[in-house]
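Engineer: One structure, as structure tokens, below. Some questions next.
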Amino acid sequence: MRFTLPRDLYHGKGALENLKTLKGKKAIIVVGGGSMKRNGFLQKAEAYLKEAGMEVKLLEGVEPDPSVTTVMNGAKVMLEFEPDWIVAMGGGSPIDAAKAMWIKYEYPDCTFEDMCKVFGIPELRKKAHFCAISSTSGTATEVTAFSIITDYDKGIKYPIADFEITPDVAIVDPDLAETMPQKLTAHTGMDALTHAIEAYVSTANCAYTDPLAIHAIEMIQKDLIDSYNGNMGARDRMHDAQCLAGMAFSNALLGIVHSMAHKTGAAFADYGAHIIHGAANAMYLPKVIAFNAKDETAKKRYGVIADYMHLGGSNDDEKVKLLIEYVRGMNDKLNIPHCIKNYGTDSYPCEQGFVPENVFLERLPEIAKNAIADACTGSNPRQPSQEEMEKLLKCCYYDTEVDF
């Protein structure tokens, strides 16, 4: 077994300043849609890198759920500029995109299909090292061996998984997270909770990942709702909690909540129906807990989680029920719906449903097949059949009981 984290992790308010300590000649900063610039963090990062004696280039405008095209275009820019540091800052999207660009920059002949071979990436750091600076409290991509890239032609999100893309340096500065809008705080927070719970029940869990997962769950239980409601002390602590959850799942891996979220997120994009990753996780998590709890080992581990959360229950069946109820209650407090049918853009629920029922049912077999093939399915405690995955996704669409 292997346990891998960034070599250096700088955390706490003002941690961004540690960019001054990086040694190199050229740095490229990869960012998203503009919040880092609007809030002055991009300018600070650029100034710190210049203070470190580097020539700096900006690669701006990475979209949410970055595309294969964005990755390939960014890698071209890197090949021309030849940085020895890639600095990615913002939410999960620019950091994930930069990780994939890094692979293509180091290995220009590498195709996207090559990148998607699980733990099959050749040795990096021949040309550049990688620094990740997170501004959202959810994905924890600043400490993980994962990157999620969307192939919009296929309507599928693909996880790239390899310890080679674990950043060299992570900067976890809560100042950046304080600028998150309320809805993003909810979605990223539930993403972090899902990371921690899936890591704890994953078949790849171990003595090194369990304490990180459990402590992250305890912190999220204590602080997520307050963070959502504008308490900045809680917001700061959530930034640490999501990072601990990331350390856990990067090494213990995930499960089918993520498989399903990856494969439904962009599956209805042609209808303008994009299911935000954290919201998908929040909706699917209670259903997957019920499904996985039919496995005795998983049920016991969910029981341990419920105990650490002080939810009560005299046996594991009761504890699982209470855990599911608690997660659903969190979704209510965060204004996240319980099922795809009620998922909307601005208000919940939508009259027609964000994803039309007939379209969902028509695409269901293909989505289920793709979810089973997702890189996160292998470490799920219960391996679903095609029929079970279709039934599970239907439960996630209609909010019906999982009794199989």
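When the letters of the sequence shown are read in order and numbered with UniProt numbering, they come out as residues 1 to 404.
For every residue, glycine included, the Cβ atom is placed at its ideal position computed from N, Cα and C.
1. Pick helix, strand or coil for V402, following the three-state DSSP scheme.
2. Excluding the 5 residues preceding and the 5 following G278 in the sequence, name in chain order all residues of the same chain whose CB lies nearer than 7 Å to its CB.
3. From the DSSP output, in three-state form, read off K299 for me.
4. Go ahead and pull the three-state DSSP assignment for G257.
5. How is the alpha helix (DSSP H) around V327 delimited, first residue to last?
6. With distance defined between alpha-carbon atoms, name the residue in P381, E401, I367 and N315 nearest to M389.
7. Which same chain residues end up closer than 6 Å to I256 when comparing Cβ atoms and leaving out the 5 residues on each side of it in sequence?
8. Mapping the DSSP letters down to three states, classify C350 as helix, strand or coil.
9. For N315, tell me which candidate among A293, D114 and D374 has the shortest Cα-Cα distance.
10. Quick check: what's the CA-CA separation for V118 versus F360?
11. Taking the C-alpha atoms as reference points, what is the distance between L58 and V30?
12. Return the bridge partner residues of S67 from the DSSP annotation.
13. Does the separation of the CB atoms of I225 and L193 fall below 9 Å?
14. Rank L322, R237, A204 and F354 by C-alpha distance to the C-alpha of Y271 and give the top, closest one.
15. For the beta strand (DSSP E) containing V62, list its first residue and its last residue.
16. By Cβ distance, which residues of its chain are closer than 6 Å to S347, with the 5 residues on each side in sequence left out?
17. Could you check the C-alpha separation between D374 and T21 for me, to the nearest Å?
18. With a 10 Å radius around its C-beta and 16 neighbouring C-beta atoms as the bar for buried, classify K369 as buried or exposed.
19. Use the C-beta contact count for P337: other C-beta atoms within 10 angstroms, 16 or more gives buried, fewer gives exposed.
20. Keeping to the same chain, check which residues put their C-beta closer than 6 Å to that of L334; ignore five residues upstream and five downstream.
21. Is the CB-CB distance between H195 and G155 below 9 Å?
22. Look at the alpha carbon of R328 and the alpha carbon of P286, and state the distance between them as a whole number of angstroms.
23. Anyone know if the C-beta pair for A204 and A252 falls short of 9 Å?
24. Residue range of the alpha helix (DSSP H) that G92 falls in?
25. Taking a contact to mean a Cβ-Cβ separation below 9 Å, would you say M78 touches L42 in this structure?
26. Measure how close the beta-carbons of I149 and W102 come, nearest whole angstrom, since I'm counting them as under 8 Å.
27. Near A27, what residues of its chain come up, given a Cβ to Cβ distance below 7 Å and the 5 sequence neighbours on each side ignored?
28. If the criterion is Cβ atoms closer than 9 Å, does the pair A170 and A132 meet it?
29. Put P82 into one of helix, strand or coil per three-state DSSP.
30. So what's V143 in DSSP terms, helix, strand or just coil?
31. How long is the line joining the alpha carbons of P167 and H129, rounded to whole angstroms?
32. DSSP state of D109, grouped into three classes?
33. Quick one: using the 10 Å Cβ neighbour count with 16 as the cut-off for buried, is F3 buried or exposed?
34. Please check the pair S35 and T141, which I expect to be a contact at CB under 8 Å, by giving their CB distance rounded to whole angstroms.
35. Taking a contact to mean a Cβ-Cβ separation below 9 Å, would you say L322 touches A298 in this structure?
36. Can you look up M72 in the DSSP assignment and give me helix, strand or coil?
Structural biologist: Quick look at the numbers:
1. Numbered from its first residue, the sequence shown carries residue 402 at position 402. Looking at V402 - three-state DSSP - the assignment turns out to be coil, as it is neither helix nor strand.
2. Mapped onto the sequence shown, residue 278 falls at position 278. Non-local C-beta neighbours of G278 in its own chain, meaning closer than 7 Å and more than five positions away in sequence, comprise G138, H187, T188, M190 and D191, ordered along the chain.
3. For the purposes of this step, residue 299 is taken as the residue at position 299 of the sequence shown. DSSP, read as helix, strand or coil, puts K299 in helix.
4. Looking up residue 257 in the sequence shown gives position 257. Position check: residue 257 holds Val in this sequence, whereas Gly was assumed. It is helical.
5. For this step, residue 327 is matched to residue 327 along the sequence shown. Here the alpha helix (DSSP H) through V327 covers D316 to K333.
6. The sequence position of residue 389 within the sequence shown is 389, counting from 1. For M389, the nearest C-alpha among the options comes from I367.
7. One-based indexing of the sequence shown puts residue 256 at position 256. Excluding positions up to five away in sequence, the list reads V288, T377 and N380.
8. Residue numbering aside, residue 350 sits at position 350 when the sequence shown is read from its first letter. Note that C350 scores a pLDDT of 43, beneath 50, so its modelled location is shaky and nothing firm can be said.
9. Numbered from 1 along the sequence shown, position 315 holds the residue referred to as residue 315. Selection A293, D114 and D374 evaluated against N315 yields A293 as nearest (Cα-Cα).
10. The sequence position of residue 118 within the sequence shown is 118, counting from 1. The sequence position of residue 360 within the sequence shown is 360, counting from 1. Rounded to whole angstroms, V118 to F360 spans 29 Å at the Cα level.
11. One-based indexing of the sequence shown puts residue 58 at position 58. One-based indexing of the sequence shown puts residue 30 at position 30. If you draw a straight line from the Cα of L58 to the Cα of V30, it is about 6 Å long.
12. Within the sequence shown, numbered from 1, the residue matching residue 67 stands at position 67. Here S67 is bridged, per DSSP, to T150.
13. Sequence index remark: in the sequence shown, residue 225 carries index 225 (1-based). Sequence index remark: in the sequence shown, residue 193 carries index 193 (1-based). For I225 and L193, no; Cβs fall outside 9 Å.
14. Indexing the sequence shown from 1 puts residue 271 at position 271. Of the candidates L322, R237, A204 and F354, the one whose C-alpha sits nearest the C-alpha of Y271 is F354.
15. Counted from its first residue, the sequence shown places residue 62 at position 62. Careful: V62 lies outside any beta strand (DSSP E) and carries neither H nor E.
16. Reading the sequence shown from its first residue, position 347 is the one you call residue 347. Note that S347 scores 45 on pLDDT, short of 50, meaning its location in the model is unreliable; the coordinates nonetheless yield the value given after this. Non-local beta-carbon contacts of S347 in its own chain, meaning distances under 6 Å to residues more than five positions away in sequence, are absent.
17. Working through the sequence shown from its first residue, we reach residue 374 at position 374. Working through the sequence shown from its first residue, we reach residue 21 at position 21. Per the coordinates, the alpha-carbon of D374 lies some 38 Å from the alpha-carbon of T21.
18. Residue numbering aside, residue 369 sits at position 369 when the sequence shown is read from its first letter. Using a 10 angstroms sphere on the CB of K369, the tally of other CB atoms stays under 16, which defines it as exposed.
19. For the purposes of this step, residue 337 is taken as the residue at position 337 of the sequence shown. A buried status is given to P337, since no fewer than 16 other beta-carbon atoms sit within 10 Å of its beta-carbon.
20. Numbered from 1 along the sequence shown, position 334 holds the residue referred to as residue 334. A186 and Y228.
21. One-based indexing of the sequence shown puts residue 195 at position 195. One-based indexing of the sequence shown puts residue 155 at position 155. Contact flag unset, no.
22. By 1-based counting over the sequence shown, the position of residue 328 is 328. By 1-based counting over the sequence shown, the position of residue 286 is 286. Looking at the two C-alpha atoms, the distance is approximately 7 Å.
23. Indexing the sequence shown from 1 puts residue 204 at position 204. Indexing the sequence shown from 1 puts residue 252 at position 252. It is a contact, given that the beta carbons lie within the stated cut-off.
24. Mapped onto the sequence shown, residue 92 falls at position 92. Boundaries of the alpha helix (DSSP H) around G92: G92 to E106.
25. Numbered from 1 along the sequence shown, position 78 holds the residue referred to as residue 78. Numbered from 1 along the sequence shown, position 42 holds the residue referred to as residue 42. L42 is positioned such that its CB atom lies no closer than 9 Å to that of M78.
26. Working through the sequence shown from its first residue, we reach residue 149 at position 149. Working through the sequence shown from its first residue, we reach residue 102 at position 102. Incorrect: roughly 12 Å between the Cβ atoms, too far for contact.
27. The residue labelled residue 27 in the question sits at position 27 within the sequence shown. Cβ neighbours of A27 beyond the five flanking positions: L49, M54, V56, P83, W85 and V87.
28. Mapped onto the sequence shown, residue 170 falls at position 170. Mapped onto the sequence shown, residue 132 falls at position 132. Taking C-beta atoms as the reference points, A170 and A132 count as a pair closer than 9 Å.
29. Taking the sequence shown and counting its residues from 1, one reaches residue 82 at position 82. The sequence shown places Glu at residue 82, not Pro. It is coil, neither helix nor strand.
30. As a working mapping, residue 143 is identified with position 143 in the sequence shown. When secondary structure is reduced to three states using DSSP, V143 falls in the coil class, being assigned neither helix nor strand.
31. Along the sequence shown, read from residue 1 onward, the residue named residue 167 stands at position 167. Along the sequence shown, read from residue 1 onward, the residue named residue 129 stands at position 129. If I take the Cα positions, the gap works out to 8 Å.
32. Numbered from 1 along the sequence shown, position 109 holds the residue referred to as residue 109. Correct three-state label for D109: coil.
33. The residue labelled residue 3 in the question sits at position 3 within the sequence shown. Its Cβ having fewer than 16 others within 10 Å, F3 is exposed.
34. Counting from 1 along the sequence shown, the entry for residue 35 is found at position 35. Counting from 1 along the sequence shown, the entry for residue 141 is found at position 141. T141 and S35 do not touch by the CB rule: their CB atoms are close to 16 Å apart, not below 8 Å.
35. Taking the first residue of the sequence shown as position 1, residue 322 is located at position 322. Taking the first residue of the sequence shown as position 1, residue 298 is located at position 298. Contact flag unset, no.
36. The residue given as residue 72 occupies position 72 in the sequence shown. Look at M72 here: in three-state DSSP terms it is helix.
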